[in-house]
Every structure is written in structure tokens, then in C-alpha cells.
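First the structure, in the form of C-alpha cells, and then the observations on it.
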Amino acid sequence: MSEHFQPMSILSETECWDLLSGVALGRLVTSVDGNPAIFPVNFAVQNRSVLFRTAEGTKLVGAVMNDNVLFEADDHDSAEGWSVIVAGSARSLRSDEEIAEAERAQLKTWTAGEKTHFIRIRPRSVTGRRFQFSAGPAEVPAAEDPVLG
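FYI, the numbering for the sequence shown is 74 to 222, going by this note's numbering.
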């Protein structure tokens with residue numbers, strides 16, 4: 074066997090941004106009333122930041138009123154998967170210049186309703202991992218499987 078199977082590898086920051094640019098759905102992790110909260114959002118990458126749109130409500134308040142948010146996106150195929158986590162601060166874009174720049178991302182919302190607020194997550198750190206799936210499954214008999222019991 075010429076290649077050593079490495080089930081997990083660390084991604085560079087450039088690889089992380091490239092992968093994020095290729096997907097459209099991620100998860101915003103924030104705190105609402107002192108409790109962790111997670112929200113699926115469609116997003117775009119713009120200038121090494123994460124951009125999404127939202128309407129008034131819990132997601133907006135939780136994102137903007139919290140200087141510490143996480144954003145996660147991932148994807149997989151039959152051979153491998155990856156996950157990228159952006160840790161940073163989120164804020165609502167207010168100035169005409171900021172909004173004009175955000176509109177250039179041509180970010181369309183997936184759900185009905187008016188989503189007039191742009192939120193940008195400025196990263197403090199970006200980390201990612203790539204997972205290689207094994208060629209042969211290490212199957213556990215159903216009687217020993219902790220999930221299937």
C-alpha cells in the first residue's frame with residue numbers, strides 16, 4: 074500500500090475560504106437570552122467575511138447584539154467531507170456604502186418575506202478540517218451498536 078490513510082487533515086485559511094465560497098447554506102451560532110442558539114442561513118463570502126440577510130427578529134438581535142458568534146458550513150461527497158468554522162463578531166450594515174457593497178454579492182434569500190438587513194461576520198479566526206472516508210466500513214454488529222442497541 075503506497076498511501077497512508079489519513080482520516081482527517083487541517084485546512085489552511087485559504088482552503089477554508091475557497092470551500093465556503095462553494096456552498097450557500099451554513100449555520101449561525103449565537104446566544105439568545107443567555108442560551109446557545111443556532112440558525113440556518115443562506116450566505117455569501119465577500120472580502121473574507123460571511124454575509125447574510127435577515128428580517129427583524131431573534132436571529133438579527135442575537136447576531137448583532139453578540140460580539141462572539143460562530144458560523145459553520147460543511148459539505149461532503151462519497152469520498153470525503155469538510156467543515157469550516159468562522160469565529161468572529163457580527164454586525165448589521167448601516168451605511169449606504171456598506172449596503173451597496175453587500176448588494177454586489179447578489180445574495181438572494183431562500184424564504185419568503187422581506188429580509189432587508191445585511192449582517193456581516195468579521196472573522197477573528199477561521200479553522201477547517203477535511204475528513205477522508207475509509208474505503209471499507211468498520212461495521213459494528215447491530216447488537217453492539219450503541220445507537221441501534
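Beta carbons: idealized from backbone N, C-alpha and C, even for Gly.
The structure presented is a predicted model; accordingly, all values stated were derived computationally and were not measured.
Using a Cβ-Cβ cut-off of 7 Å (strictly less than) and excluding sequence neighbours within five positions of Val118, which residues of its own chain qualify? Your numbering for residue 118 matches position 45 in the sequence shown. Result list for Val118: Trp90, Leu93 and Ser94, in chain order.
8 Å CB neighbourhood of Arg177 in its chain, flanking five on each side removed: Position 104 of the sequence shown, counted from the first residue, corresponds to residue 177. Close CB contacts of Arg177 within its chain, under the 8 Å cut and outside five residues either way in sequence, are with Gln119 (chain order).
How far does the alpha helix (DSSP H) with Gly135 in it extend, from its first residue to its last? Within the sequence shown, the letter at position 62 stands for residue 135. Gly135 -> alpha helix (DSSP H) spans Thr131 to Val137.
Any idea which residues DSSP pairs Gly154 with across the strands? Walking along the sequence shown from the start, residue 154 turns up at place 81. Paired residue(s): His149 and Phe204.
Could you give the distance in angstroms between the alpha-carbon of Gly186 and the alpha-carbon of Ala128? Taking the sequence shown and counting its residues from 1, one reaches residue 186 at position 113. Taking the sequence shown and counting its residues from 1, one reaches residue 128 at position 55. Rounded to the nearest angstrom, the two C-alpha atoms are 8 Å apart.
Counting only runs of 3+ residues fully inside the stretch 104-128, write out the beta strand (DSSP E) ranges in chain order. Correct list: 108-118 and 123-127.
Environment of Thr87 [buried if 16+ CB atoms lie within 10 Å]: Here residue 87 refers to the residue found at position 14 when the sequence shown is read from its first residue. Looking at its Cβ environment, which holds fewer than 16 other Cβ atoms inside 10 Å, Thr87 is exposed.
Taking 8 Å as the threshold (C-beta atoms), are Ser104 and Gly135 in contact? Working through the sequence shown from its first residue, we reach residue 135 at position 62. Working through the sequence shown from its first residue, we reach residue 104 at position 31. Result yes, Cβ atoms of Gly135 and Ser104 sit closer than 8 Å.
Using the Cβ count rule (16 or more neighbours within 10 Å means buried), how would you classify Ala163? Taking the first residue of the sequence shown as position 1, residue 163 is located at position 90. Here Ala163 is buried. Its C-beta has 16 or more other C-beta atoms within 10 Å.
Within the continuous beta strand (DSSP E) that includes Ser82, where are the two ends? To locate residue 82, count along the sequence shown from 1; it is residue 9. If you look at Ser82, you'll find it in the beta strand (DSSP E) that goes Met81 to Ile83.
I'd like the span of the alpha helix (DSSP H) that includes Ala175, first residue to last. Start at 1 with the first residue of the sequence shown, and residue 175 comes out as number 102. Its alpha helix (DSSP H) spans residues Asp169 to Glu176.
Mind checking Gly28: buried by the 16 CB within 10 Å criterion, or exposed? Look at the range of the chain in this structure, 74 to 222, and you will see that residue 28 is not part of it.
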